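The numbering used here puts the first residue of the sequence shown at 516, with every later residue one more than the last.
Glycine included, every Cβ here is placed at the ideal spot set by N, Cα and C.
Given the structure is predicted, the values throughout are model-derived calculations rather than measurements.
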Amino acid sequence: MKKRAQNEIYLVAQHDLHQTPRGDAHVDIGVGTGFYLAAAAPELAKTKTLALLDLSPTTLAHAEARVRAAGHDGTIERVRQSVSDPPPARMRGRSDSVSLFCLLHRLPGSFPTEASH
516 MKKRAQNEIY
526 LVAQHDLHQT
536 PRGDAHVDIG
546 VGTGFYLAAA
556 APELAKTKTL
566 ALLDLSPTTL
576 AHAEARVRAA
586 GHDGTIERVR
596 QSVSDPPPAR
606 MRGRSDSVSL
616 FCLLHRLPGS
626 FPTEASH
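Here it is, written out as structure tokens:
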């Protein structure tokens, strides 16, 4: 991806995250490399609990390390599961904000079909 396009995606994602009021608990769905979340670490500084949800344990570990390196010192919970599954019972109704970056295009099926579920 060209640097300019990557920067434009980053700016849009950051704008949305900056505009979201956050409380004590934030969830990031489909964490990937943790790039966007690490970039937002200063904005999430007051967040006590950060839940990272992804299917890959390697991705979860990498994203957590990246967020920690960016300065987040709150509790980080790794949740290993598919984004297609409902959140675990322990997470339901317990987050103040949610982020999801660059994920929808990776889901199987056509978007209109999946969006109707």
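Kindly give me the distance between the Cβ atoms of residue i and residue j, rounded to whole angstroms, as I take these residues to be in contact under 8 Å.
i, j, result
"Gly545", "Val582", "Not quite, the Cβ-Cβ distance comes to about 14 Å (not below 8 Å), so this is no contact."
"Arg593", "Glu579", "6 Å"
By Cβ distance, which residues of its chain are closer than 6 Å to residue i, with the 5 residues on each side in sequence left out?
i, result
"Gly547", "none"
Please tell me whether residue i and residue j are closer than 8 Å, where the distance is taken between their beta carbons.
i, j, result
"Leu570", "Asp543", "no"
"Ala553", "Ala576", "no"
"Ala566", "Ser610", "yes"
"Asp539", "Thr573", "no"
What would DSSP say about residue i, mapped onto helix, strand or coil?
i, result
"Thr574", "helix"
"Leu615", "strand"
"Glu592", "strand"
"Leu559", "coil"
"Ala580", "helix"
"Ala540", "strand"
"Ala553", "helix"
"Ala566", "strand"
"Arg609", "coil"
By Cβ distance below 7 Å, which residues in the same chain neighbour residue i in space, the five residues on each side in sequence not counted?
i, result
"Leu559", "Arg537, His541, Leu565 and His587"
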